[in-house]
Amino acid sequence: MNDRYCNFSGIIFPCSSIRNWWRRFGGLILAIYGIIPTFQPAHFGRVYAAYDGIFIVSSLIWGFVVDKKDPDIYEIIGALIALLGFFIMFYMPR
Numbered sequence: 001m002n003d004r005y006c007n008f009s010g011i012i013f014p015c016s017s018i019r020n021w022w023r024r025f026g027g028l029i030l031a032i033y034g035i036i037p038t039f040q041p042a043h044f045g046r047v048y049a050a051y052d053g054i055f056i057v058s059s060l061i062w063g064f065v066v067d068k069k070d071p072d073i074y075e076i077i078g079a080l081i082a083l084l085g086f087f088i089m090f091y092m093p094r
């Protein structure tokens, strides 16, 4: 893409070099998000499981309340399985 086209259409469509920069930045943030938990103490896995269980259930609630989308039976079963896994990991005696 030449500079003249980027200058003309930059208001509507960002140039490919800008898009590539954002893609690389987003990929780096996503990689850091996945690597950081590996440096945490051993009990951090339980906290991470709690976060994931709450995130799944809250996303279903958000979809129901805000987006007006009723969860189907498989989404509800999946959320219950995630919460069951959370309770097993978090509350089972060690």
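First residue of the sequence shown: 1, per this note's numbering; consecutive thereafter. Ideal Cβ positions, reconstructed from N, Cα and C, are used throughout, including at glycine. Fair warning: this is a prediction, and the values are worked out from it, not measured in the lab.
- Three or more beta-carbon pairs under 8 Å between the region 71-85 and the region 51-61, yes or no? Three or more beta-carbon pairs separated by less than 8 Å link the region 71-85 to the region 51-61, which places the two stretches in contact.
### Message
According to DSSP, simplified to helix, strand and coil, what is PRO37?
### Response
Of the three classes helix, strand and coil, the one that applies to PRO37 here is helix, per DSSP.
* Helix, strand or coil at ASP67 according to DSSP, with G and I counted as helix -> Residue state, collapsed to three classes: coil.
Using the Cα positions of GLY53 and GLY26, report the straight-line distance between them to the nearest angstrom.
Each residue's Cα considered, the two are about 24 Å apart.
> Which stretch, first to last residue, makes up the alpha helix (DSSP H) that contains MET89?
Replying inline: It spans 73-91 - the alpha helix (DSSP H) in which MET89 sits, taken as one unbroken run.
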